[in-house]
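Residue numbers (UniProt numbering): 1 to 432.
Just so you know, even glycine gets a beta-carbon here, dropped at the ideal spot from N, CA and C.
These numbers were taken from a predicted model, which means no experiment stands behind them.
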Amino acid sequence: MFHPAPAPPVPPRGGMRSPITPVFNVPHKTPCDDNSVDLSRLLARKPPPPPVRSKNFVPATQIVTHIRPVAFHPPPLNLSSKPVVVEEDPVQIVATPYPEIPSCLQCRDFSKVDAHAALFPRTSVHSLQNLALGLEEPFEDEVDKARVIFTWLHCNIAYDAVSFLTGNVQPSTPESTLASGLAVCEGYAGLFEQLGELMGLQVHTVSGHGKGYSYQPLKAGDAIPEKSSGHAWNCILLNGEWHLVDPCWGAGVLTGSGTYEAKFSPHWFISSPSEFGRTHFPTDPSFQLTPEQTTWEEYILAPETPVITSDFHLYGYHPMFLQPSEKHVPERQFVQFSVSKRCQHASMAVADNYLLVISTNDKDFVPLAFSEELDAWTVNIFTPRNGDITLYIVNSVNAQDARGLSIEGFGKAKGRKVMGFKGLAMWSVAHL
């Protein structure tokens with residue numbers, strides 16, 4: 001099942017549409033079915049902790065819940081598949097000119113890995129074995145091996161939107177997916193698993209529910225639905241730690257018109273288990289990889305989160321620390337809005353960042369200031385009676401890159417110079 005419409009579609013431009021990463025469910029045999037694999041033992045390893053901000057971090061008064069990225073949710077299907085990444089140990093690649101690998105996945109530069117993945121077009125590949133050998137050849141670190149597979153799938157496998165939307169999805173194998181170049185979530189996960197195993201990695205295909213393309217939040221009074229499983233993603237052991245990744249949602253998204261758009265969403269390779277759990281519910285709870293397991297009721301009843309665009313992730317912000325965390329905010333009240341960088345090692349200096357602004361119905365733009373105490377950009381807004389509240393970055397001034405624009409500079413340019421904005425997140429005012 002592809003990411004739900006409320007989830008991130010293709011990055012919104014002026015308007016926010018739902019993400020185009022597909023969420024699908026298709027019968028597919030994966031190595032995960034090997035009875036010799038003792039999952040209880042494999043997953044007994046202490047999972048990575050959920051994201052934690054500084055102890056001084058104080059959440060906004062508004063209730064925050066699960067995030068639905070607007071340009072990152074895949075098409076609807078029984079299973080959701082998008083990459084998720086967690087932290088890894090620093091490693092040194094023993095190959096060509098690769099510097100020491102940073103221990104933080106959020107900081108890691110995958111540009112060389114991604115470029116290498118693009119060197120193997122599907123039409124030139126004759127076997128999965130040869131593909132695996134070619135993809136992994138320059139890399140020794142397990143994270144790079146997993147990433148090159150993740151990126152290759154985005155470059156070469158398209159979501160089978162026609163079969164998915166017509167209800168004609170057929171069982172697949174890694175070989176058939178390679179041959180056709182088409183897949184739904186199960187096909188992406190199965191091929192990711194097969195290539196990973198050929199590279200010597202421990203990979204499992206995980207089935208479960210995904211809040212993807214066809215997902216609709218429950219309304220007040222709605223009965224809690226039975227557990228369902230229509231999505232598929234992967235759990236992989238990287239440098240001694242288990243990670244979750246969703247190669248399907250990371251490859252692209254289904255648009256509102258039902259067509260597939262190949263749009264790389266790398267945050268599905270680096271998301272923590274806690275972030276992943278907002279939109280993925282595995283049939284086997286051991287695959288949650290969190291200290292405390294979430295119940296089906298908690299997952300399916302979680303409040304809607306703000307609409308998040310792909311640009312939100314592109315510019316390095318963390319959805320888990322976006323405030324308010326719920327989509328709906330009360331009318332005519334002072335509410336604190338705040339946003340933080342995904343990586344704690346990122347520079348917070350004005351010169352290295354784009355100015356963040358909030359806009360309400362009156363179309364005015366109010367800048368956010370960085371708070372050392374909260375480690376976040378914040379602003380208090382008196383909410384209107386209705387409508388939407390949108391978070392933007394000022395990305396250009398007079399057609400020039402606006403990185404480094406200060407609040408003072410914004411005030412001087414406002415109304416005098418042409419400024420460009422990119423939407424990051426959106427809330428709706430409600431009578432709460």
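| Check | Outcome |
| --- | --- |
| Residue of Glu292, Asp109, Ile157, Gln323 minimising C-alpha distance to Leu368 | Gln323 |
| Cβ pair Ile157, Leu201 closer than 8 Å | no |
| Under the three-state DSSP convention, the category Val94 falls into | Because Val94 sits at a pLDDT of 35, beneath the cut-off of 50, its placement in the model cannot be relied upon, and the following sentence gives the value as read from the coordinates. Note: Val94 maps to coil in three-state DSSP. |
| DSSP-derived helix/strand/coil call for Thr177 | helix |
| One or two residues paired with His267 in a DSSP bridge | Answer is none; His267 lacks a bridge partner. |
| Beta bridge counterpart(s) of Lys422 as assigned by DSSP | Ile393 |
| Arg45 burial status per 10 Å Cβ neighbour count (16 or more: buried) | Only weak support exists for where Arg45 lies, its pLDDT of 39 falling under 50; the coordinates are left without a value. |
| Nearest-angstrom Cα separation, counted from Ser274 out to Ser286 | 13 Å |
| Limits of the unbroken beta strand (DSSP E) element including Pro171 | Taken as a continuous stretch (DSSP letters only), Pro171 belongs to no beta strand (DSSP E), as it is neither H nor E. |
| Cβ-Cβ distance between Ala413 and Val429 below 8 Å | no |
| Unbroken stretches of the alpha helix (DSSP H), 4 residues or longer, contained in the region 357 to 416 | 407 to 413 |
| Validate contact between the region 348 to 364 and the region 381 to 392 using beta carbons, cut 8 Å, 3 pairs | yes |
| Beta-carbon proximity of Ser406 to Val350, cut-off 8 Å | yes |
| Proximal residues to Ala189 (C-beta, below 6 Å), its chain only, five neighbours per side dropped | Ser81, Thr205, Ala232, Trp233, Asn234 |
| Local Cβ density within 10 Å of Thr177, reported as buried at 16 or more and exposed below that | buried |
| One or two residues paired with Trp249 in a DSSP bridge | Trp249 pairs with nothing; no bridge assigned. |
| Inter-residue CB distance, Leu244 and Phe276 (contact presumed, cutoff 8 Å) | 5 Å |
| Three-state secondary structure assigned by DSSP to Ile308 | strand |
| Arg108 to Leu119 span [Cα, whole Å] | 21 Å |
| Test item: CB-CB of Lys327 and Thr305 under 8 Å | yes |
| Under 8 Å between C-beta atoms of His154 and Gly250 | yes |
| Contacting residues, own chain, Cβ-Cβ under 8 Å from Leu135 (five flanking each side not counted) | His116, Ala117, Phe120, Lys145, Val148, Ile149, Trp152, Leu195, Met199 |
| Sheet register partners of Gly210 (DSSP bridge) | His280 |
| Straight-line Cα distance separating Leu133 from Pro122 | Note that residue 122 corresponds to Arg in the displayed sequence, not to Pro. If I take the Cα positions, the gap works out to 14 Å. |
| Paired residues, beta bridge with Lys341 - DSSP | Tyr317 |
| Beta-carbon gap between Ala425 and Phe312 smaller than 8 Å | yes |
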